[in-house]
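Engineer: Pasting in a structure now, in structure tokens, and then I'll have a few things to ask.
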Amino acid sequence: MSETETRTSEVAATATGDGDTDESAAQAQLGTAPVEEPPSGPAIGLVGWLRWFWRQLTSMRVALLLLLLLSLASVPGSLIPQRDASANRVAQFMKDNPTLGEVYDRLQLFEVYSSVWFSAIYLLLFVSLIGCIVPRTWQFAGQLRARPPKAPARLGRMPAYTTWRTDAAPKDVLADANKLLRGRRFRVSDGEGSVAAEKGYLREAGNLVFHLALIVMLIAFATGQLWRVEGGKLVVKGDSFTNVLPSYDDIKSGSLFDYGDLDSFGFTLDDFHSAFEPTGPQRGTPREFSAKVTYWEGADGPEKKASIEVNRPLTVGDSKVYLLGHGYAPVVTVRDGQGDIAFRGPVPFLPQDANITSQGVVKVTDYRDAKGKKDQLAFVGIFTPTFGLDEVRGPHSTFPDLNYPALFLSPYRGDLGMETGLPQNVYQLNDKAMEPFTTKDGDILRESLRPGETMKLPGGAGTLKFERVERWATFQISKKPGTTWALVGAIAAVVGLAGSLFLQRRRVWVRARTDEDGRTVVEMAALGRSESAKLPGELGALAEQLRTTAPLADPCEADDDVPAGSGDTGPKRKNDSDTHEGVEK
Numbered sequence: 001m002s003e004t005e006t007r008t009s010e011v012a013a014t015a016t017g018d019g020d021t022d023e024s025a026a027q028a029q030l031g032t033a034p035v036e037e038p039p040s041g042p043a044i045g046l047v048g049w050l051r052w053f054w055r056q057l058t059s060m061r062v063a064l065l066l067l068l069l070l071s072l073a074s075v076p077g078s079l080i081p082q083r084d085a086s087a088n089r090v091a092q093f094m095k096d097n098p099t100l101g102e103v104y105d106r107l108q109l110f111e112v113y114s115s116v117w118f119s120a121i122y123l124l125l126f127v128s129l130i131g132c133i134v135p136r137t138w139q140f141a142g143q144l145r146a147r148p149p150k151a152p153a154r155l156g157r158m159p160a161y162t163t164w165r166t167d168a169a170p171k172d173v174l175a176d177a178n179k180l181l182r183g184r185r186f187r188v189s190d191g192e193g194s195v196a197a198e199k200g201y202l203r204e205a206g207n208l209v210f211h212l213a214l215i216v217m218l219i220a221f222a223t224g225q226l227w228r229v230e231g232g233k234l235v236v237k238g239d240s241f242t243n244v245l246p247s248y249d250d251i252k253s254g255s256l257f258d259y260g261d262l263d264s265f266g267f268t269l270d271d272f273h274s275a276f277e278p279t280g281p282q283r284g285t286p287r288e289f290s291a292k293v294t295y296w297e298g299a300d301g302p303e304k305k306a307s308i309e310v311n312r313p314l315t316v317g318d319s320k321v322y323l324l325g326h327g328y329a330p331v332v333t334v335r336d337g338q339g340d341i342a343f344r345g346p347v348p349f350l351p352q353d354a355n356i357t358s359q360g361v362v363k364v365t366d367y368r369d370a371k372g373k374k375d376q377l378a379f380v381g382i383f384t385p386t387f388g389l390d391e392v393r394g395p396h397s398t399f400p401d402l403n404y405p406a407l408f409l410s411p412y413r414g415d416l417g418m419e420t421g422l423p424q425n426v427y428q429l430n431d432k433a434m435e436p437f438t439t440k441d442g443d444i445l446r447e448s449l450r451p452g453e454t455m456k457l458p459g460g461a462g463t464l465k466f467e468r469v470e471r472w473a474t475f476q477i478s479k480k481p482g483t484t485w486a487l488v489g490a491i492a493a494v495v496g497l498a499g500s501l502f503l504q505r506r507r508v509w510v511r512a513r514t515d516e517d518g519r520t521v522v523e524m525a526a527l528g529r530s531e532s533a534k535l536p537g538e539l540g541a542l543a544e545q546l547r548t549t550a551p552l553a554d555p556c557e558a559d560d561d562v563p564a565g566s567g568d569t570g571p572k573r574k575n576d577s578d579t580h581e582g583v584e585k
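The numbering of the sequence shown is full-length UniProt numbering, which starts it at 1 and goes up by one.
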């Protein structure tokens, strides 16, 4: 059997064998097409892959992508309620949307800014910026130490170029050019028969400052989130606040803040002043809010007077006290069925609209009825600083100032639930274990009071007297480190960005040589790092100033040997195809 027949038999046997190879494999052996084999080069290895990943992470493209992702990741934080800002809103959202709320909770959308995925983007952007800036800073430092590159062989190929003849000596022309360029704050280097100059290093410096400022801002924001603390407190006129944890109505802090680091200070609300537009289309618009306080630092520091206004906080140590809101607190006196005072003092009512129609609850826990039996009372009501009434809204306020104050109350008796230990809203009533007082007709008892008037409860259960009205104000006490650095970083970022956008790095060369007629041929050329219409104009201004010391020779005596473009009185702008591609190198 011949060799060809033997090979054919082997192929056929392979194609019809026990299934180790299929028909396509047999056809491939019979075909004449070259077999594609994977490259046999060395594997990249772990170190190679790590280097590749680092190059990708520190590239400008990835940095911009991470910055975009960070912006997009912040969107859910403004659309979805956050636990650190309002835990009640989150609880209500999950109650209204149980399925969607469970999904959001698993995705950490209720804690966007402290979530794992947001922190990962934040840290990757931080590392990317550092990895991008460090080598660029090193390169920039090397460029500052380097001399401007020498003049190219053919200056006529530069984007901006001009030339002329003069009777001045070449060395004098170059000396004048050196002096001129140094006076224009160029970095100058002398060569053989030429002068090289470069300017615009602040462009790259601005770029580096911009990226460094971003890092400073990221650090400042991270510091502010980790070590921040802010809380709220409602203070009635005449009452005081001390900056300790139990004094706050609500407080939240960063994960690394220690409440033992709260600044030691306190203040008393002496008075609150407000002014509203009395007439016209803007009637009721607030014009002035100010809280007069007396504050002190430390346990026994001297007392000082201050005024806290909107956007004008009180600064004590590293903490700031902001004025957030205000309202009214009716002062009431409640006597029980025995005639004893069960409660006396101001009760803050919370505003419900722009005219400060307010709602509140007077809760009385130390009470005895006419038979001496211990019980609890509650008065649910509405306060109107300027009383108005209509069929749709019922009692409401028509102006935010105290022009005609009125208090509307409905009394309840029963168990307030204060002994359960469960937290409850002091401005709302849980009436599950409460029964309203009723009239003879069986309706819920409701009564309106003016300052000085008294409500009598049925069956000798007691009285409530509306004494007067006090003012209250809400304050936010915040301590957020890093805000100064964030401001410095923001200003530096704007300055650096302006420098990188409006400054241009460019080079200028001046060459002077003697031609066959003994005249000096002066050539000037300029090249910008980026395209700019101002470059020819700048070169023209330099040329005109240099011509004052190296004036034009008689053009009638010009020689044909002068390079192309000689005799022109201004620079020419070349096409992109004429640009010397090797100059930037």
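Cβ atoms here follow ideal geometry from the backbone N, Cα and C, with glycine treated the same way.
#1: Pick out the complete alpha helix (DSSP H) segments inside the region 518 to 558, 4 residues or longer, and give them in chain order.
#2: What residues in its chain sit with their C-beta under 7 angstroms from that of V134, if we drop five residues either side in the sequence?
#3: Please state if the CB of E523 and the CB of L155 are separated by a distance shorter than 8 angstroms.
#4: Using a 10 Å radius around the Cβ and a threshold of 16 neighbouring Cβ atoms, would you call S86 buried or exposed?
#5: Going by DSSP, what residue range makes up the alpha helix (DSSP H) through residue 614?
#6: Just to confirm my understanding: we take L69, look at its own chain, exclude 5 residues before and 5 after, and list those with CB closer than 6 angstroms. What are they?
#7: Distance, Cα to Cα, E543 vs T162?
#8: Using only alpha-carbon positions, find the residue among D366, A541, Y427 that is nearest to G339.
#9: Using beta-carbon positions only, say whether residue 587 and E470 come within less than 8 angstroms of one another.
#10: Quick check: L234 and P348, are their CB atoms within less than 8 angstroms of each other?
#11: Relative to the C-alpha of G442, which residue among Q428, N430, P458, G452 is closest?
#12: Taking three-plus beta-carbon pairs below 8 angstroms as touching, is the region 226 to 233 in contact with the region 130 to 149?
#13: Determine the closest residue to A141 out of V75, L208, A169, with distance taken between C-alpha atoms.
#14: Which runs of the beta strand (DSSP E) at least 3 residues long sit entirely within the region 440 to 506? Give them in chain order.
#15: DSSP has W138 in a bridge; who is on the other side?
#16: Could you tell me the distance, in whole angstroms, from the CA atom of F93 to the CA atom of G77?
#17: Need the endpoints of the beta strand (DSSP E) that M158 sits in, please.
#18: Which one of R182, L212, A196 has the shortest CA to CA distance from C132?
#19: DSSP three-state call for I215: helix, strand or coil?
#20: For the beta strand (DSSP E) that contains L377, what are its first and last residues?
#21: Answer yes if the region 396 to 415 comes into contact with the region 476 to 493, meaning at least three C-beta pairs across the two stretches below 8 angstroms, and no otherwise.
#22: Looking only at DSSP bridge pairs, what is I331 linked to?
#23: Just checking my contact of N410 with F383 at CB under 8 angstroms: how many whole Å lie between their CB atoms?
#24: From the DSSP output, read off the bridge partner residues of S114.
#25: Given a cut-off of 8 angstroms, decide if S194 and R529 are closer than it, judged by their beta-carbon atoms.
#26: How is A197 classed by DSSP in three states: helix, strand or coil?
#27: Please report the straight-line C-alpha distance between L535 and P159, rounded to a whole angstrom.
#28: How far does the alpha helix (DSSP H) with G414 in it reach, from first residue to last?
#29: Just reading off the beta strand (DSSP E) that Y367 is part of, what are its end residues?
#30: Can you give the beta carbon distance from V334 to V362, rounded, assuming they're within the 8 angstroms contact cut?
#31: Taking just the CA atoms, how far does G417 sit from T426?
Structural biologist: Looking at the atomic coordinates:
#1: 534 to 546
#2: If you number the sequence shown from 1, residue 134 lands on position 134. Excluding sequence neighbours, V134 sits near nothing in its chain.
#3: Here residue 155 is taken as the residue at index 155 of the sequence shown, counted from 1. Here residue 523 is taken as the residue at index 523 of the sequence shown, counted from 1. Yes, the pair counts as a contact, with Cβ atoms nearer than the cut-off.
#4: Along the sequence shown, read from residue 1 onward, the residue named residue 86 stands at position 86. Per the 10 Å Cβ criterion, exposed.
#5: No answer is possible for residue 614: it lies beyond the span of the chain, which begins at 1 and ends at 585.
#6: In the sequence shown, the residue the question calls residue 69 occupies position 69. Within the same chain, L69 has close Cβ partners I121.
#7: Within the sequence shown, residue 543 is the residue found at index 543, counting from 1. Within the sequence shown, residue 162 is the residue found at index 162, counting from 1. Note that residue 543 is Ala in the sequence shown here, rather than Glu. Distance between the alpha carbons of A543 and T162 is about 8 angstroms.
#8: Residue mapping note: residue 339 aligns to position 339 of the sequence shown, counting from 1. Nearest option by C-alpha distance: D366.
#9: The question about residue 587 has no answer here: the residues shown for the chain are numbered 1 through 585.
#10: In the sequence shown, counting from the first residue as 1, residue 234 sits at position 234. In the sequence shown, counting from the first residue as 1, residue 348 sits at position 348. Their beta carbons are under 8 angstroms apart, which means L234 touches P348 by this criterion.
#11: Within the sequence shown, residue 442 is the residue found at index 442, counting from 1. Of the candidates Q428, N430, P458, G452, the one whose C-alpha sits nearest the C-alpha of G442 is P458.
#12: no
#13: Counted from its first residue, the sequence shown places residue 141 at position 141. Among V75, L208, A169, the Cα nearest to that of A141 is on L208.
#14: 447 to 449, 454 to 456, 463 to 479
#15: Translated into the one-based positions of the sequence shown, residue 138 becomes position 138. W138 is not bridged to any residue.
#16: For the purposes of this step, residue 93 is taken as residue 93 along the sequence shown, with counting starting at 1. For the purposes of this step, residue 77 is taken as residue 77 along the sequence shown, with counting starting at 1. Approximately 14 angstroms between the Cα atoms of the pair.
#17: In the sequence shown, residue 158 corresponds to position 158, counting from 1. Looking at the DSSP string, M158 is not in any beta strand (DSSP E), and its letter there is neither H nor E.
#18: Against the sequence shown, residue 132 aligns to sequence position 132. Among R182, L212, A196, the Cα nearest to that of C132 belongs to L212.
#19: The residue given as residue 215 occupies position 215 in the sequence shown. Helix.
#20: Locating residue 377 in the sequence shown gives position 377, where the first residue counts as 1. Segment 374 to 384, the beta strand (DSSP E) holding L377.
#21: no
#22: Here the question's residue 331 lines up with position 331 in the sequence shown. According to the sequence as given, residue 331 is Val; it is not Ile. DSSP lists P346, R468 as partners of V331.
#23: Numbered from 1 along the sequence shown, position 410 holds the residue referred to as residue 410. Numbered from 1 along the sequence shown, position 383 holds the residue referred to as residue 383. Checking the displayed sequence, the identity of residue 410 turns out to be Ser instead of Asn. Going by Cβ atoms, the distance from S410 to F383 rounds to 13 angstroms, so no, they are not a contact pair.
#24: Along the sequence shown, read from residue 1 onward, the residue named residue 114 stands at position 114. Paired residue(s): none; S114 is not in a bridge.
#25: Counting from one through the sequence shown, the residue named residue 529 turns up at place 529. Counting from one through the sequence shown, the residue named residue 194 turns up at place 194. The answer is no: Cβ separation not under 8 angstroms.
#26: If you number the sequence shown from 1, residue 197 lands on position 197. Correct three-state label for A197: strand.
#27: Taking the sequence shown and counting its residues from 1, the one referred to as residue 535 is at position 535. Taking the sequence shown and counting its residues from 1, the one referred to as residue 159 is at position 159. Each residue's alpha carbon lies about 9 angstroms from the other.
#28: Numbered from 1 along the sequence shown, position 414 holds the residue referred to as residue 414. Not the alpha helix (DSSP H): G414 falls in the beta strand (DSSP E), residues 406 to 414.
#29: If you number the sequence shown from 1, residue 367 lands on position 367. From DSSP, the beta strand (DSSP E) with Y367 extends over 358 to 368.
#30: On the sequence shown, position 334 is the one that residue 334 refers to. On the sequence shown, position 362 is the one that residue 362 refers to. Yes, V334 and V362 are in contact; Cβ-Cβ is about 7 angstroms, under 8 angstroms.
#31: Residue numbering aside, residue 426 sits at position 426 when the sequence shown is read from its first letter. Residue numbering aside, residue 417 sits at position 417 when the sequence shown is read from its first letter. Rather than Thr, the amino acid found at residue 426 in this sequence is Val. If I take the Cα positions, the gap works out to 12 angstroms.
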